[in-house]
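Colleague: What follows is a single structure, and I will ask about it in a moment.
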């Protein structure tokens with residue numbers, strides 16, 4: 001398949017499972033996209049049972065709405081993380097790259113750079129050895145994944161070389177295959193998004209990373 005055909009197939013398959021796919025020149029535009037997306041959304045809220053009832057002062061503190069918006073960039077290069085952190089500061093957002101366990105119910109956007117993508121299924125491939133990378137892609141309300149266009153392959157067989165590189169020689173290792181937004185239909189077979197992970201997945205196809 002040609003590069004354009006791979007991009008078109010990946011886009012179609014990813015959008016079919018509720019992902020948002022955009023083509024961009026570089027990480028600069030991707031960072032701007034993340035900042036704009038964070039600015040448009042409401043700060044995520046802690047949903048705790050019983051907050052509508054009369055509570056002690058200590059319990060009421062747990063029910064307060066988180067005011068700060070948090071953007072996590074756990075696997076960005078130092079250069080790209082610094083650019084993200086600067087943009088977050090200018091817009092009044094909190095930017096974090098580690099210690100995400102402290103924000104298990106309060107990450108607005110997780111921003112990652114993926115190592116690969118599979119056109120056949122619209123899946124992205126992410127080296128997730130770091131716990132903070134896993135958390136950013138699981139507990140954020142929105143996951144924004146940057147993918148180099150030249151990292152898109154046709155199918156899983158074509159991803160063998162990358163997987164050998166990611167997995168080989170490392171014990172333990174954790175490679176994530178992510179296809180669309182989090183979804184489940186195990187309750188009365190009614191489809192629900194964002195129950196076991198992010199409400200939204202945005203894939204940014206970059207000409208240059």
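Residue numbers (full-length UniProt numbering): 1 to 209. We treat Cβ as the ideally placed atom computed from N, Cα and C, and that holds for glycine.
Which residues mark the beginning and the end of the alpha helix (DSSP H) in which residue 1 is found?
Modeller: Note, residue 1: premise wrong, no alpha helix (DSSP H); not H, not E.
Colleague: Could you give the C-beta distance for residue 112 and residue 136, rounded to a whole number, given that I count them as a contact under 8 Å?
Modeller: With a Cβ gap of about 6 Å, residue 112 and residue 136 count as contacting.
Colleague: Which one of 106, 126 and 109 has the shortest CA to CA distance from residue 115?
Modeller: Checking every option, the nearest Cα to that of residue 115 belongs to 126.
Colleague: Just checking residue 151 against the ligand ADP - is the residue's beta carbon closer than 7 Å to any of the ligand's heavy atoms?
Modeller: This structure simply doesn't include the ligand ADP, nor any ligand for that matter.
Colleague: Determine the closest residue to residue 180 out of 79, 169, 200 and 172, with distance taken between C-alpha atoms.
Modeller: Out of 79, 169, 200 and 172, 200 has the C-alpha closest to the C-alpha of residue 180.
Colleague: Starting from residue 167, trace the alpha helix (DSSP H) in both directions and tell me its first and last residue.
Modeller: Segment 160-167, the alpha helix (DSSP H) holding residue 167.
Colleague: With H, G and I counted as helix, E and B as strand and the rest as coil, what does DSSP make of residue 208?
Modeller: In this structure, residue 208 counts as coil in the three-state DSSP scheme.
Colleague: What does DSSP give as the partner residue(s) for residue 177 in the beta ladder?
Modeller: Paired residues: 125.
Colleague: What are the boundary residues of the beta strand (DSSP E) that residue 117 is part of?
Modeller: Looking at the DSSP string, the run of the beta strand (DSSP E) that includes residue 117 is 116-118.
Colleague: Using 8 Å for Cβ pairs, my map puts residue 69 next to residue 94. What's the rounded Cβ distance?
Modeller: Yes, they are in contact, since the Cβ atoms of residue 69 and residue 94 sit about 7 Å apart, within 8 Å.
Colleague: Looking only at DSSP bridge pairs, what is residue 23 linked to?
Modeller: DSSP, once it has assigned bridges, lists 205 as partnering residue 23.
Colleague: Are the CB atoms of residue 202 and residue 20 nearer to each other than 8 Å?
Modeller: Yes, Cβ-Cβ distance for residue 202 and residue 20 is below 8 Å.
Colleague: Assuming residue 100 contacts residue 132 under a Cβ cut-off of 8 Å, what Cβ separation, rounded to an integer in Å, is found between them?
Modeller: At roughly 5 Å, the Cβ-Cβ gap stays under 8 Å, so residue 100 and residue 132 are in contact.
Colleague: Can you tell me which residues form a DSSP beta bridge with residue 200?
Modeller: Residue 200 pairs with 142.
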